[in-house]
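Residue numbers (the working numbering): 24 to 552. So the structure is just underneath, and the comments pick up after that.
See below:
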């Protein structure tokens with residue numbers, strides 16, 4: 024019997040091949056040589072890549088036996104996850120392989136900005152002896168503000184405390200108790216910005232976090248603050264940062280990631296107080312080896328038909344065929360719940376109807392994955408989602424009942440917050456094409472297809488509110504594709520869900536919410552980018 028064929032499309036460490044073991048036929052190909060790659064994929068069961076090889080829809084279609092694409096790294100920019108999922112191909116990466124390397128690079132940039140290492144290096148090599156001009160500051164007894172307290176943020180906090188720093192953090196998805204275990208005092212973003220002597224970001228890049236540190240935040244920072252970004256380009260407004268450094272408001276900066284990569288030679292490149300690196304967060308021998316070993320183990324599991332740690336989709340796992348269509352629906356419901364709730368302490372996943380008699384455990388994993396997907400700095404998988412929940416003090420439970428009202432199957436997510444408030448969203452799949460529909464939000468019944476961009480508003484029911492929505496969105500060139508209104512009763516509260524053709528910025532959402540005097544508002548982007 025022939026062995027499964029595993030393609031190594033890029034140079035991976037010997038430890039990666041060793042971790043694969045003797046049960047596979049391992050072939051090497053240059054993944055940047057497109058014809059050679061396509062030819063090699065013809066009988067491949069698995070393909071391992073780094074960042075140079077493009078596994079797109081064409082590559083997936085050229086591999087009829089392909090069961091798994093494994094990216095030996097954190098990102099998946101070079102893998103078409105949607106095309107792979109449609110073809111039933113599992114996609115995995117190594118989301119924790121670089122966390123130590125990224126945390127250490129953060130500390131390197133903090134120290135470099137505190138002591139002008141970049142400027143001192145270039146100055147001395149150019150023949151100048153500028154000790155007085157390059158007088159820096161100590162980390163000791165300074166306040167470090169960490170925006171995003173996931174795994175990397177937690178490791179940075181641990182290292183900063185070893186330097187004698189006071190650490191404050193902002194993360195809407197971490198409990199005060201969990202932060203205390205990390206030695207971090209939780210504060211709101213405004214307080215963090217105003218009190219930090221050093222500031223570092225470790226958030227995911229989402230429409231809400233792009234530009235979250237901009238001119239307004241820099242204006243409120245302590246004079247001489249040092250700012251570091253090794254997370255995602257664009258979270259810190261690069262133009263505003265350059266102006267703040269030039270004015271002296273920011274005393275130094277370390278930037279490893281860019282809104283455009285490679286970056287243009289802009290003003291940040293001209294400033295001595297700014298240390299720049301070319302996205303080196305995962306560029307260590309150790310991180311590369313960890314990534315290779317991790318995905319090799321995932322390949323072994325996937326080719327054995329198991330549900331894989333670090334899978335970013337679930338095709339190929341041992342999941343009942345009747346349950347499988349609900350997995351993307353529930354992840355989307357989780358993303359909606361995460362947009363509606365501020366901080367979640369408990370998540371209940373209630374599965375009602377015919378599928379409740381099946382093994383629906385994967386639906387809870389999918390709900391947690393959706394809940395955290397837009398709110399943490401690491402890629403979220405079906406296996407690490409429970410770990411993320413535990414780290415943030417979020418408990419969860421799965422409730423099943425074979426009785427469902429109105430539909431064959433209904434899945435309801437109820438998120439509880441520290442204040443005792445509850446947010447609920449329900450969905451179902453309808454018709455032969457299994458159309459995803461949102462059928463309830465916060466007790467308001469409705470039935471609207473789940474499209475890529477949704478706006479949800481809750482407000483006091485009164486004449487003219489619908490017109491307010493239309494006018495405000497129209498002024499901002501946002502087209503409404505569909506809308507449903509659910510009412511609690513005349514004179515009571517109402518809830519509107521709008522399907523729109525394009526993402527809506529936070530500024531526009533707040534403008535519309537203010538105009539409608541909404542008590543709750545959320546903009547949800549459900550695209551798979």
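Positions of the beta carbon are idealized from the N, C-alpha and C atoms, including for glycine. All values derive from a computational prediction rather than experimental measurement.
Out of 162, 34, 428, 439, the CA that lies nearest to the CA of residue 420 is found in 439. Secondary structure of residue 165 (DSSP, three-state): coil. DSSP, reduced to helix, strand and coil, places residue 132 within a helical segment of the structure shown. When the alpha-carbon of residue 362 is set against those of 146, 465, 342, 39, the nearest one is in 465. Taking the Cα of residue 254 as reference, the smallest distance to any Cα among 437, 510, 351, 125 is reached at 125. If the five residues before and after residue 359 are omitted, its C-beta is found closer than 6 angstroms to the C-beta atoms of 448, 547, all from its own chain and listed in chain order.
Buried is the label assigned to residue 176, since at least 16 other Cβ atoms lie within 10 Å of its Cβ.
In this chain, the beta strand (DSSP E) harbouring residue 472 covers 467-472. In the structure shown, the three-state DSSP call for residue 346 is coil. Cβ neighbours of residue 415 within its own chain (closer than 7 angstroms, five residues either side excluded): 196, 197, 198, 201. In its chain, beyond the 5 residues on either side, 51, 71 have a beta carbon closer than 6 angstroms to the beta carbon of residue 31. From the listed residues 480, 38, 300, the smallest Cα separation to residue 132 is found for 300. Taken atom to atom, the span from the alpha-carbon of residue 525 to that of residue 280 is near 26 angstroms. Here residue 256 is actually not in contact with residue 293; their C-beta atoms are around 18 angstroms apart, not less than 8 angstroms. In terms of CA proximity to residue 519, 506 leads the group 403, 530, 387, 506.
Looking at 46, 45, 479, 77, the one whose alpha-carbon comes closest to that of residue 53 is 77.
Shortest Cα-Cα distance from residue 523 to any of 504, 445, 533 involves 504.
For the pair residue 425 and residue 379, the Cα-to-Cα distance works out to about 5 angstroms. By the criterion of a C-beta distance shorter than 6 angstroms, residue 353 is surrounded in its chain by 386, 389, 390, 434, once the five residues flanking it on both sides are discounted. A contact between stretches requires three or more CB pairs, one per stretch, nearer than 8 angstroms, and the stretch 59-71 fails this requirement with the stretch 97-108. Under the three-pair Cβ rule at 8 angstroms, the stretch 170-185 does not count as touching the stretch 134-141.
The beta-carbon separation of residue 35 and residue 315, rounded to 5 angstroms, stays under the 8 angstroms limit for a contact.
Secondary structure of residue 205 (DSSP, three-state): coil.
Counting along the chain, no beta strand (DSSP E) covers residue 144; the unbroken alpha helix (DSSP H) around it starts and ends at 140-148.
The C-alpha of residue 303 lies about 11 angstroms from the C-alpha of residue 127. For the options 121, 81, 228, 122, the alpha carbon positioned closest to that of residue 397 is the one of 228. Counting along the chain, residue 480 sits inside the beta strand (DSSP E) bounded by residues 476-483.
Ranking 445, 212, 470, 410 by CA distance to the CA of residue 430 puts 470 first.
Beta-bridge pairing by DSSP links residue 448 to 436, 464. The bridge partners DSSP lists for residue 113 are 91.
In the same chain as residue 467, and ignoring 5 residues on each side of it, the C-beta atoms closer than 6 angstroms to its own belong to 509, 518, in chain order.
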